[in-house]
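Participant: Residue numbers (mature numbering (1 follows the signal peptide of the UniProt record, and there is no 0)): -28 to -1, 1 to 139. From the three backbone atoms N, C-alpha and C, an ideal C-beta is built for every residue, glycine too. Everything numeric in this text was worked out from a predicted model, so none of it was measured.
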Amino acid sequence: MTRGPFHKGAVLLLAAALWTGLAFPAGAIEPGEKLDNPKLEERARELSRELRCLVCQNQSIDDSDAPLARDLRLLVRERLKEGDSNEEVLDYIVARYGDFVLLRPPVRPETWALWAAPFIALFIGGVVVLMLFRRKKETAAEAEPLSDEEAARLDELMEKADAKMRE
């Protein structure tokens, strides 16, 4: 029995769907971490998505598999079970780890560097690129034509290279 192009297309579509599914983080929450109260668990997940993994630094503790992220997830859940509000949990963790632990740190004088650094880096990069282009343009404009002696030497070398390539 032969299989037509429809079957091949369906297999490719299924493979693409499975591959795409791998691109989305499944979350690093382990079964033992989950709270029995669904409302508290939802609050814990919400808070975990706002906190940076201090090991990975570009992931939330909700997505990270690092042991420190697991410890922070457990700490969030422990504080919620004790009756803390979301703000109290965040304040507690920020008091111990600083504003860097927040994926979206507040804008205030102490965090201006965190907010301004990408723009400053972009500006400096633009200035460097502009300077390199100007320097290259000036260098190209200053190039002098070859003298008769240099042109003759270049022709001689080119003829030797052509002769070697023909051999």
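On the DSSP bridge list, what partners appear for SER32?
Facilitator: Your numbering for residue 32 matches position 60 in the sequence shown. Per DSSP, ARG24.
Participant: With ARG80 as the anchor, note down where its alpha helix (DSSP H) starts and where it stops.
Facilitator: On the sequence shown, residue 80 is found 108 positions in, with the first residue counted as 1. Premise fails: ARG80 is in no alpha helix (DSSP H) and is neither H nor E.
Participant: Measure from the alpha carbon of CYS25 to the alpha carbon of each residue in ARG45, GLU60, ASP56, then state which is nearest.
Facilitator: Locating residue 25 in the sequence shown gives position 53, counting from the first residue. Residue ARG45 is the option with its Cα nearest to CYS25.
Participant: Hey, could you find the ends of the alpha helix (DSSP H) PRO117 is sitting in?
Facilitator: Position 145 of the sequence shown, counted from the start, is the residue given in the question as residue 117. Where PRO117 is concerned, there is no enclosing alpha helix (DSSP H), given that its DSSP letter is neither H nor E.
Participant: Let me confirm a value: ALA41 is counted as buried when at least 16 other C-beta atoms fall within 10 Å, else exposed. Which label applies?
Facilitator: The residue given as residue 41 occupies position 69 in the sequence shown. The residue is buried, with at least 16 neighbouring Cβ atoms inside 10 Å.
Participant: Determine the burial state of VAL27: buried for a count of at least 16 other Cβ atoms within 10 Å of its Cβ, exposed for fewer.
Facilitator: Position 55 of the sequence shown, counting from 1, holds the residue named residue 27. Classification for VAL27: exposed.
Participant: If you compare alpha carbons, which of LYS109, SER20, PRO39, THR83 is closest to SER32?
Facilitator: Taking the first residue of the sequence shown as position 1, residue 32 is located at position 60. It is SER20.
Participant: In or out: ASP34 buried (at least 16 other Cβ within 10 Å) or exposed?
Facilitator: Here residue 34 is taken as the residue at index 62 of the sequence shown, counted from 1. Burial call: buried.
Participant: Residues in its own chain within less than 8 Å of PHE95 by CB, not counting five upstream and five downstream?
Facilitator: The count along the sequence shown starts at 1 and reaches residue 95 at position 123. So no residue of the chain qualifies.
Participant: Quick check on DSSP: helix, strand or coil for LEU7?
Facilitator: Here the question's residue 7 lines up with position 35 in the sequence shown. Looking at LEU7 - three-state DSSP - the assignment turns out to be coil, as it is neither helix nor strand.
Participant: So the alpha helix (DSSP H) ALA41 belongs to, where does it begin and stop?
Facilitator: Indexing the sequence shown from 1 puts residue 41 at position 69. Run containing ALA41: 39 to 53, per the alpha helix (DSSP H) assignment.
Participant: My parser needs the beta strand (DSSP E) runs of 3 or more residues fully inside the segment 88 to 115; what are they?
Facilitator: None, since the segment 88 to 115 contains no complete beta strand (DSSP E) of that length.
Participant: Taking a contact to mean a Cβ-Cβ separation below 8 Å, would you say LEU129 touches LEU118 in this structure?
Facilitator: Taking the first residue of the sequence shown as position 1, residue 129 is located at position 157. Taking the first residue of the sequence shown as position 1, residue 118 is located at position 146. No; because the gap between Cβ atoms is not below 8 Å, this pair is not in contact.
Participant: If you draw a straight line from the alpha carbon of LEU23 to that of LEU74, how long is it in whole angstroms?
Facilitator: Position 51 of the sequence shown, counted from the start, is the residue given in the question as residue 23. Position 102 of the sequence shown, counted from the start, is the residue given in the question as residue 74. When rounded, the distance between both Cα atoms is 5 Å.
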